[in-house]
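Just so we're aligned: 236 in numbering that gives the first Met the number 0 is position 237 of the sequence shown, and the numbers increase by one with no gaps anywhere. Heads up, the beta-carbon is just placed ideally off N, CA and C, and yes, glycines get one too.
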Amino acid sequence: MEPYVASLIRMLSELGYTDTNYSSKERKVNLRHVYLKTIAHFTQSSACLGTDVKRMQAFIQTIVRMMVYSYPKLPLDVMSDLSVYYTYTVILDDCKQRTADTMQTFTVDLIHGSEQRHPWWQAVNQHLPSLLKHYGPFCSLTIFRSTLDFFQGCWIEEHGFQGFNKSHNYPEFLRRMNGLGHCVGAGLFPKQDFDESKHIPEISTVIAEMEQWEMHVNDLLSFYKESFDSSDQANFVTNYAHCTGCSVEDSLSRLTDSVITSGNALRTTLADKDGRIKEVVEGFMQGFVTWHLTDPRYRIRELVQQV
């Protein structure tokens with residue numbers, strides 16, 4: 000684990016990790032508010048899509064932490080609707096049901112506005128209007144498009160396929176599909192705080208850079224816990240090593256370089272732009288790392304104790 004620990008230290012050092020988004024009291028107030036709103040949505044039995052109560056509780060707890068830690072500048076009603084949305088993404092990611100049988104008419108149903116056959120889409124389509132009302136047309140379309148990509152990425156992952164040898168682009172292709180990077184970036188800019196017509200250049204730039212940064216931070220900070228989970232062996236680090244023939248250590252090093260490069264690009268590109276945009280992006284970067292470091296799901300405390 001020494002190379003992995005070295006990668007974490009390098010990433011945190013380059014980020015200048017110093018999360019000052021909240022006081023302890025503010026964090027507790029926001030966690031309570033978003034948790035109660037999210038749990039209220041999923042008390043409807045149909046919303047859980049067959050997920051048992053214990054797993055739903057774990058999903059909601061980790062997503063509420065992600066939302067509160069990573070989106071400190073969002074209004075609480077937006078934060079709560081995003082929390083429900085991201086809980087649905089975890090439900091899908093955890094689902095073992097085969098997708099193809101319920102997707103035969105998906106595209107035609109989408110074009111004609113007919114109800115979808117897949118139960119996940121039925122539930123998410125019920126919630127999306129509540130979420131998208133907070134955003135302008137550009138960010139709304141981005142979130143919806145990212146949702147489509149995420150679903151298709153999960154569909155591919157059902158097959159446990161790591162990619163063929165020498166297919167160097169496959170790992171990044173799959174990771175971009177299921178990484179929700181565009182949704183993460185667009186979610187930072189609700190219409191009550193940002194006028195899309197004035198800020199599309201900045202918003203689109205943040206989405207472009209955030210896609211790489213967000214998903215690769217997650218890949219790096221998830222790697223430890225995935226090492227112990229047999230269902231997570233086809234992760235980005237191992238997929239890239241498998242397809243390119245490089246070592247896992249080299250794959251980790253490349254991943255760390257990507258996190259640092261995209262993080263620096265975000266900061267330098269926005270250096271002379273609207274101060275509010277810089278503030279929400281920096282708040283997200285610091286908080287997103289805090290979430291990974293502190294959430295039990297990622298087992299970083301266990302790693303620190305070993306070191």
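Residue i, DSSP secondary structure in three states
i      : result
TYR68  : helix
VAL306 : coil
CYS245 : coil
THR94  : Note that residue 94 is Cys in the sequence shown, not Thr. Reduced to three states, the DSSP call for CYS94 is coil.
LEU14  : helix
LEU252 : The sequence shown places Ser at residue 252, not Leu. Correct three-state label for SER252: helix.
LYS277 : helix
LEU35  : helix
MET0   : coil
PRO136 : helix
MET102 : coil
SER261 : helix
ASP51  : coil
ILE147 : The question names Ile, yet the displayed sequence has Leu at residue 147. DSSP places LEU147 in helix when its eight states are reduced to three.
THR86  : helix
LEU73  : coil
ASN29  : helix
First through last residue of the alpha helix (DSSP H) which encompasses residue i
i      : result
PRO295 : Per DSSP, PRO295 belongs to no alpha helix (DSSP H) and is neither H nor E.
GLN121 : 118-131
ASN234 : That residue, ASN234, is in no alpha helix (DSSP H); it is neither H nor E in DSSP.
LEU220 : 195-225
ASN177 : 169-177
GLY180 : 180-185
Backbone CA spacing between residue i and residue j [nearest angstrom]
i      : j      : result
ALA122 : LEU131 : 15 Å
HIS40  : PHE137 : 26 Å
PHE105 : MET0   : 44 Å
TRP119 : HIS198 : 33 Å
ASP273 : ALA207 : 17 Å
ALA307 : ILE155 : Since the first and last residues shown for the chain are 0 and 306, residue 307 lies out of range.
GLN305 : SER226 : 15 Å
VAL52  : ILE38  : 11 Å
Other residues of its chain near residue i: CB distance less than 8 Å, five sequence neighbours each side excluded
i      : result
LEU269 : GLU201, THR204, VAL205, ILE276, LYS277 and VAL280
GLN43  : none
ASP93  : THR50, ARG54 and PHE58
Check whether residue i and residue j have beta carbons under 8 Å apart
i      : j      : result
ASN20  : GLN285 : yes
LYS190 : TYR297 : no
LEU127 : PHE143 : yes
VAL236 : SER246 : no
LEU254 : LEU219 : yes
SER12  : PHE287 : no
ASN238 : SER221 : no
GLU213 : GLY180 : yes
MET209 : GLY178 : no
HIS117 : THR141 : no
Sequence-distant residues of the same chain with beta carbon closer than 7 Å to residue i, five excluded per side
i      : result
HIS167 : CYS242 and THR243
GLY282 : ASN20, PRO71 and LYS72
TYR84  : HIS126 and LEU130
Cβ-based neighbour list, residue i, same chain, cut-off 6 Å, excluding 5 preceding and 5 following
i      : result
VAL33  : VAL63, MET66, VAL67, MET78, SER79 and SER82
LYS36  : SER79
SER261 : GLU208, GLN211 and TRP212
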